[in-house]
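Line order of the protein sequences matches chains A and B. Just so we're aligned: the first sequence equals residues 1 to 114 in full-length UniProt numbering. Just so we're aligned: the second sequence equals residues 1 to 720 in full-length UniProt numbering. Reading through the structure tokens given below for one structure.
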Amino acid sequence: MPRATSDAKLLIQSLGKAYAATPTNLKIIDLYAVFAVATALIQVVYMGIVGSFPFNSFLSGVLSCIGTAVLAVCLRIQVNKDNKEFKDLPPERAFADFVLCNLVLHLVIMNFLG
Amino acid sequence: MAATALDSLPAPLRSLRLKTKQQELLLRVSALALIYVLAFVVRLFSVLRYESMIHEFDPYFNYRTTLFLSEHGFSEFWNWFDSESWYPLSRVVGGTLFPGLMVTAALLHRLLRALSLAVHIREVCVLTAPFFAANTTLVAYAFGREIWDSGAGLVAAALIAVCPGYISRSVAGSYDNEGVAIFALLLTFYLFVRAVNTGSLAWALASAFGYFYMVSAWGGYVFIINLLPLYVLVLLVTGRYSQRLYVAYNCMYVLGMLLAMQIRFVGFQHVQSGEHMAAMGVFFLLQVFFFLDWVRYLLNDAKLFKSFLRITLTCVITVGTLALGIGTASGYISPWTGRFYSLLDPTYAKDHIPIIASVSEHQPTAWSSFMFDFHILLFLFPAGLYFCFKRLSDATIFIVMYGLTSMYFAGVMVRLILVAAPAVCLVSAIAASATIKNLTTLIRTKSKSPQTVSGKASGSKAAAKGAVDQSLPFQQNAAIALLLGAFYLLSRYAVHCTWVTSEAYSSPSIVLAARGHNGGRVIFDDYREAYYWLRQNTPSDAKIMSWWDYGYQITAMGNRTVIVDNNTWNNTHIATVGRAMSSYEDEAYEIMQSLDVNYVLVVFGGVTGYSSDDINKFLWMVRIGGGVFPVIKEPDYLVNGEYRVDKGAAPKMLNCLMYKLCYYRFGELTTEYGKPPGYDRVRGVEIGNKDIKLEYLEEAFTTSNWIVRIYKVKPPKNRS
């Protein structure tokens, strides 16, 4: 058991150290995505307590958060300079795509909110 | 040769001469334009032969709803409560249909009107399917270019333009969901593959919109939402996971799901029904995979990562299994529907759901119909698979999986040949294009090699010499022979397709054609005769009882209320009609009174030899009726397990309502020279009960060839 905890400690430490080297713009995107996921979790917990009656409202709330998070992660992948797969995709184009997808996402969410 | 002819022209004209690349582009565009026109034109046989009309059964419902939509507007259409069908239950039409087709046709109609082309909505409906088939060829070209090269794309477009498997559902007049759905299906797949190849959010978004259109048009969208996760899973397992895939699938899934939920008929199924859970599972799996990948990248330490992997994997698997278990046990996730089961297990429907098994297009496919619908594609397909495996990429893996899964489904159900057709065409196009390209390069290098030897530098000379040395004897001749063979096969394909289209797939089935004694064409227009009779001669609130096949046509053309129709949503109601048809007249009368039936309509082919009539469908009525009401037993209608209508038939058969209505007064009629009166030309026997008396019904109308017979239900007798 002590070995497992020390393992976990080591793991968290080395993860934290490695993460500190990430560029700031990626960190901001990470924060945004984590915030969105946390909001989704809060909504799920709330649904557990209160019930899911206007189901479309619940779904649109949660999917709005999940969609936001997923799109943010996609943006993060595309603007990450270390990423070899997206060399020829300029960050401006990636951001424009991101804005477009978010626009569609939230227009549909607004329609679905009921 | 064209070049030499151009060389002799005066200088100003010579400047018009195109470069090779431009020539190629010009050729490609003009070929594509010709293919586009061909795909449209080849589907017009039925309009030329008969007239511009809607075919078959379901299209009549689509036509009726489109008419309603264009007259009353979208809001009314969306909230339409139709009291003319499923009397007395009625049907919430706006919430129980896929509106894509109707909205498309209504928009096209409005567009044409805006261009001041005064066309009737019916013409638009008739030509919608060919128009979308023509568009499909363009998508096929783009798709083929994406997975192989532009040559393969061009061949794919040409193959799909005339592929009988696709034409069968998209001739002019077959105004059905599949007509636009195949276009949407292929478009979604193309955009998704494009998104996977580029890793761009914009293409994934476009693919989500394609999916939305597909969901709005056809229930077959379930195929997409299961094939895409399967594809992702295969890529994961084979170690081809990439971040492009992550971007494409996740964006497409989240947005596609949200968009699909806007269609009311689909609603929350994406999060509730078992058929859609695979996609959601893969969505979460991809998140886990991405997270693990990211952590490994951060840690950069194999041992630490291993322990991390162990912890997360146990957690994730436990949580996933628990969630699925709880969801299924609490009934939150609905189990798979019967249709889905019958796809995975072809024998399921036969044992459990007679109403699915009774439809002829849900039967397992015969080998001959594969040959009929695909012709040479059937053996080009494996060759194409070989080429795909030889040059594996994300895109070819996709087309291979699409081809193989849809081929399996095509084997399970006849109608799903339609879904397989685009995949088969694409894979075959790869085979045809790659083969022809290989052969032509062989011929060209051989014929050019003497020039190369004489003119070029020593390096290329050696290379050319090497190629000559390696080649087999008579290689060029063999290549020419093979090339000719390939062209012969392809031309046979074109001939076969045209023949099939004109002979098999262009009959409207609402107007029947036959050859007379002298070889001339005889037209039986009995259906429309009967429906117009209903429209003109019955009270506007009359209720018509018939087998469900004719429900849509009666409401659309006769404008009368029906008890059941082709939207088979309520099995009990259909079983009630089946029970009435298979009971004795007095029992049937009680059922008909309880349903307020005024007229009964039966279809009878004994005079003309039209074999898909109600007597041949009768056993299904018995089965479906017996499935709900155990009073009806199938063995009562059979003699030693044999179905017959002549003297040896079962007594219950000879006196049930359906038999009486079909053969009433038939005993007086001589149908064929040299045969006794009452000779049924479909069954080829003399009927067993020639002296039929009707007590509770009276004959109201029989069409000129006896195909449709309508009876009036008498009002109840006065109490004495």
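The beta carbon of each residue, even a glycine, is placed where N, CA and C say it ideally should be.
Top-ranked residue by Cα proximity to residue i, from the options
{"i": "residue 401 of chain B", "options": "B/665, B/164, B/181 and B/233", "result": "B/233"}
{"i": "residue 96 of chain B", "options": "B/222, B/264 and B/606", "result": "B/264"}
{"i": "residue 33 of chain B", "options": "B/484, B/135, B/431 and B/511", "result": "B/135"}
{"i": "residue 708 of chain B", "options": "B/118, B/510 and B/670", "result": "B/510"}
{"i": "residue 93 of chain B", "options": "B/105, B/114, B/113 and B/68", "result": "B/68"}
{"i": "residue 46 of chain B", "options": "B/498, B/605, B/662 and B/71", "result": "B/498"}
{"i": "residue 479 of chain B", "options": "B/333, B/437, B/559 and B/536", "result": "B/437"}
{"i": "residue 374 of chain B", "options": "B/521, B/348, B/331 and B/414", "result": "B/414"}
{"i": "residue 204 of chain B", "options": "A/106, A/73, A/97 and A/107", "result": "A/97"}
{"i": "residue 74 of chain A", "options": "A/5, A/26 and A/18", "result": "A/26"}
{"i": "residue 597 of chain B", "options": "B/503, B/588 and B/603", "result": "B/588"}
{"i": "residue 152 of chain B", "options": "B/388, B/221, B/276 and B/540", "result": "B/388"}
{"i": "residue 595 of chain B", "options": "B/86, B/19, B/80 and B/60", "result": "B/86"}
{"i": "residue 31 of chain A", "options": "A/76, A/82 and A/105", "result": "A/76"}
{"i": "residue 433 of chain B", "options": "B/670, B/223 and B/158", "result": "B/158"}
Per DSSP, cross-strand counterpart(s) of residue i
{"i": "residue 639 of chain B", "result": "B/642"}
{"i": "residue 81 of chain B", "result": "B/92"}
{"i": "residue 680 of chain B", "result": "B/685"}
{"i": "residue 656 of chain B", "result": "B/584"}
{"i": "residue 393 of chain B", "result": "DSSP, once it has assigned bridges, lists no residue as partnering residue 393 of chain B."}
{"i": "residue 603 of chain B", "result": "B/708"}
{"i": "residue 561 of chain B", "result": "B/543"}
{"i": "residue 216 of chain B", "result": "Answer is none; residue 216 of chain B lacks a bridge partner."}
{"i": "residue 334 of chain B", "result": "B/273"}
Element boundaries [beta strand (DSSP E), containing residue i]
{"i": "residue 513 of chain B", "result": "512-515"}
{"i": "residue 709 of chain B", "result": "708-713"}
{"i": "residue 544 of chain B", "result": "543-545"}
{"i": "residue 521 of chain B", "result": "521-524"}
{"i": "residue 702 of chain B", "result": "697-702"}
Enclosing alpha helix (DSSP H) for residue i [first to last residue]
{"i": "residue 160 of chain B", "result": "150-162"}
{"i": "residue 290 of chain B", "result": "277-299"}
{"i": "residue 31 of chain A", "result": "24-50"}
{"i": "residue 134 of chain B", "result": "121-147"}
{"i": "residue 92 of chain A", "result": "91-112"}
{"i": "residue 259 of chain B", "result": "243-260"}
{"i": "residue 61 of chain A", "result": "55-79"}
{"i": "residue 58 of chain B", "result": "58-72"}
{"i": "residue 270 of chain B", "result": "269-272"}
{"i": "residue 614 of chain B", "result": "614-628"}
{"i": "residue 28 of chain B", "result": "20-41"}
{"i": "residue 693 of chain B", "result": "Taken as a continuous stretch (DSSP letters only), residue 693 of chain B belongs to no alpha helix (DSSP H), as it is neither H nor E."}
{"i": "residue 106 of chain B", "result": "100-114"}
{"i": "residue 231 of chain B", "result": "221-237"}
{"i": "residue 505 of chain B", "result": "Looking at the DSSP string, residue 505 of chain B is not in any alpha helix (DSSP H), and its letter there is neither H nor E."}
{"i": "residue 367 of chain B", "result": "367-374"}
{"i": "residue 46 of chain B", "result": "45-49"}
{"i": "residue 608 of chain B", "result": "Segment: none, residue 608 of chain B is in no alpha helix (DSSP H) and carries neither H nor E."}
Under 7 Å by beta carbon: chain E residues contacting residue i
{"i": "residue 107 of chain A", "result": "Judged by its chain identifiers, the structure shown contains no chain E, and its protein chains are A and B."}
Contact belief for residue i with residue j at Cβ below 8 Å, rounded distance in angstroms
{"i": "residue 137 of chain B", "j": "residue 108 of chain B", "result": "Residue 137 of chain B to residue 108 of chain B, Cβ: 18 Å. No contact."}
{"i": "residue 679 of chain B", "j": "residue 653 of chain B", "result": "Not confirmed; about 18 Å, so no contact."}
{"i": "residue 279 of chain B", "j": "residue 241 of chain B", "result": "The pair is not a contact, with the Cβ atoms about 17 Å apart (cut-off 8 Å)."}
{"i": "residue 535 of chain B", "j": "residue 376 of chain B", "result": "Between residue 376 of chain B and residue 535 of chain B the Cβ distance is about 47 Å, and since that is not below 8 Å, they are no contact."}
{"i": "residue 68 of chain A", "j": "residue 38 of chain A", "result": "The Cβ separation is near 12 Å, so there is no contact."}
Do the region 192-199 of chain B and the region 244-255 of chain B meet, that is, are 3 or more Cβ pairs less than 8 Å apart? At 8 Å Cβ cutoff, the stretches touch.
Pairing CB atoms from the region 149-167 of chain B with CB atoms from the region 197-216 of chain B, are three or more of them under 8 Å? Using a Cβ-Cβ distance cut-off of 8 Å, the region 149-167 of chain B and the region 197-216 of chain B are not in contact, since fewer than three pairs of beta carbons, one from each stretch, lie closer than that value.
At least 3 beta-carbon pairs within less than 8 Å: the region 40-50 of chain A vs the region 326-334 of chain B: Judged by pairs of C-beta atoms under 8 Å, the region 40-50 of chain A does not touch the region 326-334 of chain B, as fewer than three such pairs exist.
Would you call the region 394-411 of chain B in contact with the region 115-124 of chain B, where contact means no fewer than 3 C-beta pairs closer than 8 Å? As far as the Cβ criterion goes, the region 394-411 of chain B does not touch the region 115-124 of chain B, which means the pair count is below three.
Specify whether the region 137-146 of chain B and the region 73-80 of chain B touch according to this definition: at least 3 beta carbon pairs, one from each stretch, less than 8 Å apart. Touching, no.
Is the number of C-beta pairs between the region 571-578 of chain B and the region 615-633 of chain B that are closer than 8 Å three or more? In the pairwise beta carbon analysis, the region 571-578 of chain B is classified as touching the region 615-633 of chain B: at least three pairs are separated by under 8 Å.
Hey, is the region 677-694 of chain B in contact with the region 647-667 of chain B, meaning 3+ C-beta pairs nearer than 8 Å? Between the region 677-694 of chain B and the region 647-667 of chain B, the count of C-beta pairs closer than 8 Å reaches three or more; the two stretches touch.
The region 78-94 of chain A contacting the region 48-68 of chain A, beta-carbon criterion three pairs below 8 Å: They do not touch, by the three-pair rule.
Please confirm if the region 554-568 of chain B is in contact with the region 530-542 of chain B, defined as three or more CB-CB distances below 8 Å between the two stretches. Contact between the region 554-568 of chain B and the region 530-542 of chain B is established, with three or more Cβ pairs separated by less than 8 Å.
Under 8 Å: do the region 164-173 of chain B and the region 415-429 of chain B share three or more Cβ pairs, one atom per stretch? In short, these stretches touch, since the Cβ pair count reaches three.
Are at least three pairs of beta-carbons, each pair with one atom in the region 180-194 of chain B and one in the region 512-526 of chain B, less than 8 Å apart? Output reads no: the region 512-526 of chain B does not touch the region 180-194 of chain B.
Contact between the region 600-614 of chain B and the region 536-547 of chain B: three or more CB pairs below 8 Å? In short, these stretches touch, since the Cβ pair count reaches three.
Determine contact between the region 15-26 of chain A and the region 311-322 of chain B, defined as no fewer than three beta-carbon pairs at a distance below 8 Å. Proximity of the region 15-26 of chain A to the region 311-322 of chain B falls short of the contact definition, fewer than three beta-carbon pairs being nearer than 8 Å.
Three or more beta-carbon pairs under 8 Å between the region 8-23 of chain A and the region 299-309 of chain B, yes or no? The region 8-23 of chain A and the region 299-309 of chain B touch, with no fewer than 3 CB-CB distances between them shorter than 8 Å.
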